[in-house]
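What follows is a set of notes on a single structure, which appears directly below.
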Amino acid sequence: MDNYNENEINIDIGLILVKLCNFKTIRNIIILGAVCGICAFSFSKFCIPEQFTSQVYMYVNNNAVVTTGGKVEINDINASQKIVESCIVILKDNVVMEEIGNMLLENYNINEINKAFTTETDKDGKIYIPVSEISRTINLSGVNETEVLNVSVTTKSPEISLAVCEYVADIAPEMVKRVIDGGRIEAIGAPRLPESKSSPNNTKNCMVGVFTGVFVSLAYYVLRILLDNKIKNSEEFNQRYDIPVFAEIPLYKNSGFTGRKRGKSADNNLPDAESFPVVEAYNSLCSNILFSCRANDCKVIIVSSSEAGAGKSTIACRIAESLNNIVGNVLLVDCDMRKPNIHKKLKKENKRGLSSVLNGMADFDNTVVKDKNGLSVITAGPTPSNVAEILSSKYMDEFIEKCVQKFSYVIIDTPPVNIVNDASILTKYGAGVTFVARSGITRYKDMERAAETLKLVDSKITGVVINGVTAENVYYSRYKYYNSEYGSAAKDGANKINV
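If you use my numbering, the sequence shown corresponds to residues 438 to 936, in order.
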């Protein structure tokens, strides 16, 4: 589109928060978080094997420590800390692991050992425990850069964990003394039998599941909002295009927009005239259309959309009624002969209409009917087989010329631009198209496609009406403000849609 706004489209955090803060979204986030929490808890409790940890602290010292006045020299402390690091390497050596494996095989039966380790058989038929199996259960670490070494053993059996921890404590002093000259290590207390499992932590895993579910659902909704390519409101629309938005029409109670699916048409109800936001929206719409008509010196207003179900026929009826109240002598013509709808909304017969005039079966004056408010209407009439041919004929030119001569303004309801080319044929009679987009349904790319189609016939979109705007799509609940501040004024006399 020629008037596409090349500026960077900003991400409105406030608007994202407004869209997230609705009952349905919050409910879904809570449900997904709860489901993920329950799944995580169940998996942790029934699928992850229990682990038991036994530990002992061992003090590492340098035999060359010299004390003066009860104080330990800093160099001696540094030397002991280096010995701690050496002890970790020594005690994780395969020789120590093999010795621990042999001690386990001597003191425990194979069934008890198999609870904690996977045993193997050598070529001579002798059972042994691989050193890698034992090594993975033992964790050795220095305690906060002190001279203390923490030995912890975690297995599926509390008895085996205790035994391995005791073996390490027994083996360590002699091994360190033999390998490190001047080094000494001794246990501080004795290892204890684990009274409870160390893992899994079912409560912690449940909370991780809850937070994961909430985070994933939030990320989904935020991403859906950011990637949403549907027209929502004028603020978002104006970030993309320089096309004026004539009005935002709120979703009123009898609009018939019961679903949010593309192509789902509204029913034949017109807006509730006592709904103040709707009244104000249509007042703004008619004012802007009048300014546009006078600026373009045009009396013919073409109303269309990109797809069915946007509510263009309702908008056309309301524009016609409002203009008729203001200037009088307004004609509404239903040029959507393939799927006529105006006669249903205004509760008129459709036995004869536009098609009857164009094919010479009826006189112009005899085809014009009046609604209860004095608006002149020409319905579509019986659907002919050659609609496009009739609309592009000289008879249509003569019809429009007669309309312009007899009436102050002519409102033409056309089929959707992207479905058939009828609207493109009719655009030559006006300065452009008043484009109706349904909030949350009409996509930007559909509107761009419609604009490109109109450009091919040297026409354009003069303004946009965003129809069926819900509270979640109204920027920061604008209409709530209208209701609270000006609603009382509407009850005092603004019950009719006027400008």
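Each residue gets a CB set at the ideal place from its N, CA and C atoms; glycine is no exception.
Short Cβ contact (8 Å threshold) for residue i with residue j
| i | j | result |
| --- | --- | --- |
| Ser896 | Val857 | no |
| Ser491 | Cys643 | no |
| Ile752 | Val854 | no |
| Asn639 | Ser481 | yes |
| Val806 | Lys785 | yes |
| Ser861 | Val894 | yes |
| Val767 | Tyr846 | yes |
| Ala606 | Met534 | no |
| Thr907 | Leu663 | no |
Exposure label - residue i; buried when at least 16 CB within 10 Å
| i | result |
| --- | --- |
| Asp859 | buried |
| Pro486 | exposed |
| Arg573 | exposed |
| Phe836 | buried |
| Leu586 | buried |
| Asp734 | exposed |
| Thr816 | buried |
| Val647 | buried |
| Asp704 | In this prediction, Asp704 has a pLDDT of 46, which is less than 50 and means its spatial position is unreliable; what the coordinates show is noted afterwards. Its Cβ having fewer than 16 others within 10 Å, Asp704 is exposed. |
| Gly696 | In this predicted model, Gly696 has a pLDDT of only 46, less than 50, meaning its place in the structure is not dependable; the value taken from the coordinates is given anyway. So Gly696 counts as exposed. |
| Glu673 | buried |
| Ala627 | exposed |
| Val873 | buried |
| Ser633 | exposed |
| Asp929 | Because the pLDDT of Asp929 is 47, which lies under 50, any placement of that residue in the model is unreliable, and the number read from its coordinates should be weighed accordingly. Flag for Asp929 reads exposed. |
| Leu795 | buried |
| Ala656 | exposed |
| Glu717 | buried |
| Gly451 | exposed |
| Met798 | exposed |
| Lys641 | exposed |
Secondary structure of residue i, DSSP reduced to three states
| i | result |
| --- | --- |
| Asp618 | coil |
| Arg775 | coil |
| Gly765 | coil |
| Ser491 | strand |
| Asp734 | coil |
| Tyr689 | coil |
| Asn498 | strand |
| Asn587 | strand |
| Val857 | coil |
| Asp929 | Low confidence applies here, because Asp929 scores a pLDDT of 47, under 50, leaving its location unreliable; read the following figure in that light. The answer is coil: DSSP assigns Asp929 none of H, G, I, E or B. |
| Arg699 | Caution applies to Arg699, whose pLDDT of 49 falls short of 50 and renders its modelled position unreliable; the model cannot decide the point. |
| Ala656 | helix |
| Lys839 | helix |
| Lys667 | strand |
| Ile468 | helix |
| Glu889 | helix |
| Ser822 | coil |
| Ile878 | coil |
| Thr505 | A caution first: Thr505 carries a pLDDT of 46, below 50, which makes its placement in the model unreliable, though a value can still be read off. Residue state, collapsed to three classes: strand. |
| Glu717 | helix |
| Glu672 | helix |
Counterpart residues of residue i in DSSP-defined beta bridges
| i | result |
| --- | --- |
| Phe872 | Ser741, Val901 |
| Lys807 | Ser813 |
| Asp850 | Val740, Asp771 |
| Ala684 | Val902 |
Closer than 7 Å: residue i CB and nearest the ligand MG heavy atom
| i | result |
| --- | --- |
| Ile763 | As for the ligand MG, it is missing from this structure, which has no ligand bound. |
Open item on the list: As an exercise, report each continuous alpha helix (DSSP H) stretch of at least 4 residues that is fully enclosed by the segment 526-579, in chain order.
Closed with: 531-544, 547-551, 568-572
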